[in-house]
Amino acid sequence: MSMHLQHLIVSHSGQTLVNVSELQLEPGRPLTIVGESGSGKSLLAHAIMGTLPGSLTARGSLTADGTTYDLADPSNRRRLWGRVMSLLPQEPMLALDPTMRAQEQVAEGAATFGTDPGSARGRARGMLAALGLGGAARSFPHTLSGGMAQRVAFAAATIADAPMLIADEPSKGLDEAARADLAELLKRHLHGGGILLTITHDLDLARELGGDVLVMKEAEIIEQGPARRVLETPAHPYTRRLIAAEPAHWAHSWMRRPAGDETKPALITAEGLTKAFDGKTLFADLSLTVRAGERVAISGPSGCGKTTLGNVLLRLARPGSGQVHHAETLGGGRLQKLYQDPALSFPASVPLRDSFGDVIRRHQVPPSRLDELMDALRLAPALLTRQPGQVSGGELQRLAIIRTMLLEPALVFADEPTSRLDLITQEETIRCLMDQVGRQDCALLLVTHDKTLAGAVADRQLALTPEEAPRGTVTPREAVTAIA
Amino acid sequence: MTQTITPTPGGTPDTTLPSPALQNDAPPANRWYSGRSTGQLLAMSGLALLVLFALLGPLLWTEHAVQDLSRFLEPPSLADPLGRDHLGRSVVARLAHATRLSLLLAVLGVVTALAAGTLAGIVAAWRGGWVDASLNAMSEALIALPAILVVLLFSAMANGELWTLYAGLALAQWVEYFRMVRARSSLVLAGPAVEAAGLLKLGRAHILRRHLWPELRPLLATMATFGIGSSILALSTLGFVGIGIRPPTPELGLMITEAFPYYNEAPWMSLAPVLVLTTTLIGLLGLRNKESRA
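For the protein sequence lines, the chains are A and B, in the order given.
Taking our numbering, the leading residue of the first sequence gets 775, the next gets one more, and so forth.
Taking our numbering, the leading residue of the second sequence gets 5, the next gets one more, and so forth.
Right, here's the structure in full:
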């Protein structure tokens, strides 16, 4: 079977959000839609599923299995859910029911669950075992890792044998290894003769999947073709910009710097750090010195203790053993932190203007400094009248950068500052951060699971070994590698 | 910057719909009645009338204890809108004084419980350790007793004196404020926003004002309206069974008990305090916002 989409227009009070004249989906040939947040790519998927929010209107038609469906009526495709098309949700950890065991919620999706729950459970057990989750069938979601939760969600989405699978930002929040596993899963669906539509801003995932790629920008498809051609020899300037925004392709003036100056004073000196969590050793006997003006990246797969190490170095968390010494220059708020989710780092129900006002008053920063920084980071002053939840992630992260910079810090700890942002926003955010870091000659400690980003930003990297590796391999001289 | 719409069932939406409030940055109409439902406005006016009665009534009808047995169960007249009771006392004067007393005691009790509970809760969440452990143990010991029993024990101690009722009410109620504030504050204090404020050296006053207070205020407001209602009920329950405020001080529950034997001759006598109680409770329940109704 194949699917054919024609003349799709999604609009919201007169504004067109998606405008796609034709789309052909073939079994065994993946189609991947890439683009930045807000390009309308997720809406396209939801228009096909019939899960658009009520305030949006869709027009167009979808032909599947010889039947044509009017896309204006979202309910006519409801009976196709699970059996003909299914959605692999983004952030599966949030999509899974926290009160149900993995096997139960997979079995629930089976067509026979209503009539013969026993066989549905058996089928779910078999599927989970085939995905390498045989031992986790009786587990609750909170005990699973991000990659395992993704596989449970995959089993739940495909148990009813829907030939068409729509994956909406499936690699969000996953590290490299988990993303490779995910690509493997999606390919498995294709080999079984399925149709795959993937929505992502992760170009690496698009490369791994192959097939066709479609680039969307401001509601329109601007380029499409085989993945290899589009991603290697892009024709449209926007596609070129999208690819250039990958950290591996960055070319910024702040990237190539002479190696760290050993004579500069040490800001953070850590010796013999050990930390274990729930009986699992995160790092053992680790020593590290961060000097003034240095840029150090801590990288490693998710769950390996990067953020914990960063917090220990900032003395926000206690090490199991070992010592962290801070230089006096770090006192009085000259040690700052950027968070993965900036919305959580501002007081939630206070307008941003007041949050900034508190910092300015407390530290007697000239108020003009805020305007200067807002201007330098290309942010509209009107943003300050909003509350943190009303500002987009990229803008809020830039506001968070401004907040740290108001205090002229000697060291900034950035904890996955861009892992939830799309490529173009990520580049913009990192550029703003590095501009300010360079201008104030402040040291940077970056935690990221993205090795290329770490390589682009840092003078040297500390790679934490994944949890499967034998313990005690992280020793300072081996682990800290100068890359400059 | 384009506003984007990314609905994601089962996931978190990337961004939100461009809401009208964001598109034009004009300040919203900020009148006290804006955004309130008809029900809330009705509740407010009912309560306002009641408060007015409690404040002005005792000034208009001062003589609540003067007996005149010749005016036994006199029906309502212009001078005495609710007539006279079995001892010839003015019912409206007694009702006004009783309403004032109930409202005053309830509000005082709730304010005391709220202040003490909130303070203890924030201190426990902030300091942790033995402070938290001992405050928590104390609250658990109190929560094991029914609230009405605590009030009763206190009122029995000093035989219905006003201050014991007040102390009993406050003591019985501070626990729920303490537990709620402690649980909510520990969450907020452990969050990244407070960690960031610490790194920015913004100080404790900032954390109280910007982080804790906005989070606690709506909850405290809802709990306080409930608290006032249940305090008034508790007072009148004690009065009704005759172990609350000592006669001849007028009290709503006591007035209902006293009027019961004469229900057939003078129904208004028992209905009036019931009406006051009903208006208070419905008014307080109706005040809440839709959000806090969950």
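Even for Gly, the Cβ is constructed at its ideal location relative to N, Cα and C.
Predicted model only: the values in this text are computed from it and were never measured.
**Request:** For V1086/A, name the three-state secondary structure that DSSP assigns.
**Result:** Within the first sequence, residue 1086/A is the residue found at index 312, counting from 1. Of the three classes helix, strand and coil, the one that applies to V1086/A here is helix, per DSSP.
**Item:** Interface residues of the stretch 1084–1117 of chain A facing chain B [CB-CB below 7 Å]
**Value:** L1090, G1106, G1107, L1109, Q1110, K1111, Y1113
**Asked** Beta-carbon of L59/B versus every beta-carbon of chain A: anything under 9 Å?
**Response** In the second sequence, residue 59/B corresponds to position 55, counting from 1. Answer no: the Cβ-Cβ gap between L59/B and chain A never drops below 9 Å.
**Item:** Option in E1036/A, D976/A, D1215/A with minimal Cα separation from I1017/A
**Value:** Indexing the first sequence from 1 puts residue 1017/A at position 243. Checking every option, the nearest Cα to that of I1017/A belongs to D976/A.
**Request:** Spell out whether any CB of chain A is found under 9 Å from the CB atom of G132/B.
**Result:** As a position in the second sequence, residue 132/B is number 128, starting the count at 1. It does not: the Cβ of G132/B has no partner Cβ on chain A nearer than 9 Å.
**Message:** I'd like to confirm the pairing. Which residues does DSSP put opposite F1187/A in its beta bridges?
**Reply:** Reading the first sequence from its first residue, position 413 is the one you call residue 1187/A. Answer is K1111/A, L1219/A.
**Prompt:** Along the chain, where does the alpha helix (DSSP H) that runs through D949/A open and close?
**Reply:** Within the first sequence, the letter at position 175 stands for residue 949/A. Per DSSP, D949/A belongs to no alpha helix (DSSP H) and is neither H nor E.
**Prompt:** Does R214/B have its Cβ less than 9 Å from a Cβ in chain A?
**Reply:** Here residue 214/B is taken as the residue at index 210 of the second sequence, counted from 1. Chain A, which has a Cβ nearer than 9 Å to the Cβ of R214/B, makes this yes.
**Request:** Output the residue ranges of the alpha helix (DSSP H) runs that lie fully inside the stretch 1122–1146 of chain A and measure 4 residues or longer, sorted by chain position.
**Result:** 1126–1137
**Request:** For A187/B, return the contacting residues in chain A, with the cut-off set at a CB-CB distance below 8 Å.
**Result:** Position 183 of the second sequence holds residue 187/B. Going along chain A, no residue has its Cβ under 8 Å from A187/B, so there is no contact; the nearest lies around 17 Å.
**Simplified DSSP state of S849/A, which is helix, strand or coil** = If you number the first sequence from 1, residue 849/A lands on position 75. Three-state result, S849/A: helix.
**Asked** What does P1275/A reach in chain B if we use C-beta pairs closer than 8 Å?
**Response** This structure cannot speak to residue 1275/A, because chain A is shown only from 775 to 1258.
**Prompt:** Between E180/B and L139/B, what straight-line distance do the alpha-carbon atoms span, to the nearest angstrom?
**Reply:** Locating residue 180/B in the second sequence gives position 176, counting from the first residue. Locating residue 139/B in the second sequence gives position 135, counting from the first residue. When rounded, the distance between both Cα atoms is 12 Å.
**Request:** Just tell me which of D1052/A, H781/A, H1137/A, S1166/A has its CA closest to the CA of T917/A.
**Result:** The count along the first sequence starts at 1 and reaches residue 917/A at position 143. Out of D1052/A, H781/A, H1137/A, S1166/A, D1052/A has the C-alpha closest to the C-alpha of T917/A.
**Message:** Quick check on S1142/A - is its C-beta less than 9 Å from some C-beta in chain B?
**Reply:** Counting from one through the first sequence, the residue named residue 1142/A turns up at place 368. S1142/A does not count as touching chain B.
**Prompt:** Which partner residues does V55/B have in the DSSP bridge list?
**Reply:** Here residue 55/B refers to the residue found at position 51 of the second sequence. In DSSP, V55/B forms no bridge with anything.
**Item:** R188/B (DSSP reduced to helix, strand or coil)
**Value:** Here residue 188/B corresponds to residue number 184 of the second sequence, with the count starting at 1. Note: R188/B maps to helix in three-state DSSP.
**8 Å Cβ shell around L983/A - same chain, five flanking residues per side excluded** = By 1-based counting over the first sequence, the position of residue 983/A is 209. Within the same chain, L983/A has close Cβ partners P804, T806, A957, L960, K961, L970, T972, A1001.
**Item:** N-terminal and C-terminal residue of the beta strand (DSSP E) that Q877/A is part of
**Value:** As a first step, residue 877/A is located in the first sequence; it is residue number 103 there, counting from the start. Note, Q877/A: premise wrong, no beta strand (DSSP E); alpha helix (DSSP H) at 876–881.
**Message:** Output needed in chain order: residues of the stretch 909–935 of chain A with a Cβ under 7 Å from some Cβ in chain B.
**Reply:** none
**Request:** If I'm right that L166/B touches I236/B with Cβ under 8 Å, what's the distance once you round it to whole angstroms?
**Result:** In the second sequence, counting from the first residue as 1, residue 166/B sits at position 162. In the second sequence, counting from the first residue as 1, residue 236/B sits at position 232. Wrong, their Cβ atoms sit about 15 Å apart, outside the cutoff.
**Request:** Can you give me the Cβ contacts of E950/A inside the same chain, cut-off strictly under 6 Å, excluding the 5 residues immediately before and after it?
**Result:** Position 176 of the first sequence, counted from the start, is the residue given in the question as residue 950/A. So the list is empty, once near-sequence residues are dropped.
**Asked** Comparing the C-beta of R803/A with each C-beta of chain B, is any distance below 9 Å?
**Response** Start at 1 with the first residue of the first sequence, and residue 803/A comes out as number 29. Not an interface residue.
**Request:** Check whether the Cβ of D1149/A lies closer than 9 Å to any Cβ atom in chain B.
**Result:** Here residue 1149/A is taken as the residue at index 375 of the first sequence, counted from 1. Output row for D1149/A: interface = no.
**Item:** Candidates T831/A, G888/A, R1092/A, of which the one nearest A1050/A by Cα
**Value:** Within the first sequence, numbered from 1, the residue matching residue 1050/A stands at position 276. When only C-alpha atoms are compared, the closest one is R1092/A.
**Message:** Restricting to runs no shorter than 4 residues, where is the alpha helix (DSSP H) found entirely within the stretch 897–972 of chain A?
**Reply:** 920–932, 950–965
**Asked** Hey, is the stretch 1051–1070 of chain A in contact with the stretch 1007–1015 of chain A, meaning 3+ C-beta pairs nearer than 8 Å?
**Response** no
**Request:** Please name the residue, chosen from L939/A, V1165/A, M1029/A, V1221/A, that lies closest to G966/A on a Cα-to-Cα basis.
**Result:** Reading the first sequence from its first residue, position 192 is the one you call residue 966/A. Taking only the C-alpha atoms, the option nearest G966/A is L939/A.
**Prompt:** Are the beta-carbon atoms of L755/A and S1119/A separated by less than 9 Å?
**Reply:** Absent from the model: residue 755/A. The displayed extent of chain A is 775 to 1258, so no value can be given.
**Prompt:** Buried or exposed: H781/A, going by 16 or more other Cβ atoms within 10 Å of its Cβ?
**Reply:** Counted from its first residue, the first sequence places residue 781/A at position 7. Counting Cβ neighbours within 10 Å, H781/A comes out exposed, since fewer than 16 surround it.
**Request:** Take E943/A as the anchor and find which of V808/A, L799/A, H786/A has the nearest alpha-carbon.
**Result:** Sequence index remark: in the first sequence, residue 943/A carries index 169 (1-based). Nearest option by C-alpha distance: V808/A.
**Asked** Using 8 Å as the threshold, is the stretch 148–156 of chain B in touch with the stretch 77–95 of chain B, meaning 3 or more CB pairs across them?
**Response** no
**Item:** Nearest-angstrom Cα separation, counted from G133/B out to H1099/A
**Value:** Against the first sequence, residue 1099/A aligns to sequence position 325. Against the second sequence, residue 133/B aligns to sequence position 129. Cα to Cα, H1099/A sits roughly 26 Å from G133/B.
**Asked** Over what stretch of residues does the beta strand (DSSP E) that includes T837/A continue unbroken?
**Response** For the purposes of this step, residue 837/A is identified with residue 63 of the first sequence, where counting begins at 1. Per DSSP, T837/A belongs to the beta strand (DSSP E) from 831–838.
**Prompt:** In chain order, what residues of the stretch 61–78 of chain B put their CB closer than 9 Å to some CB of chain C?
**Reply:** The question asks about chain C, but that chain is absent: this structure's protein chains are A and B.
**Message:** For T837/A and T974/A, what's the separation of their Cα atoms in angstroms?
**Reply:** For the purposes of this step, residue 837/A is taken as the residue at position 63 of the first sequence. For the purposes of this step, residue 974/A is taken as the residue at position 200 of the first sequence. If I take the Cα positions, the gap works out to 24 Å.
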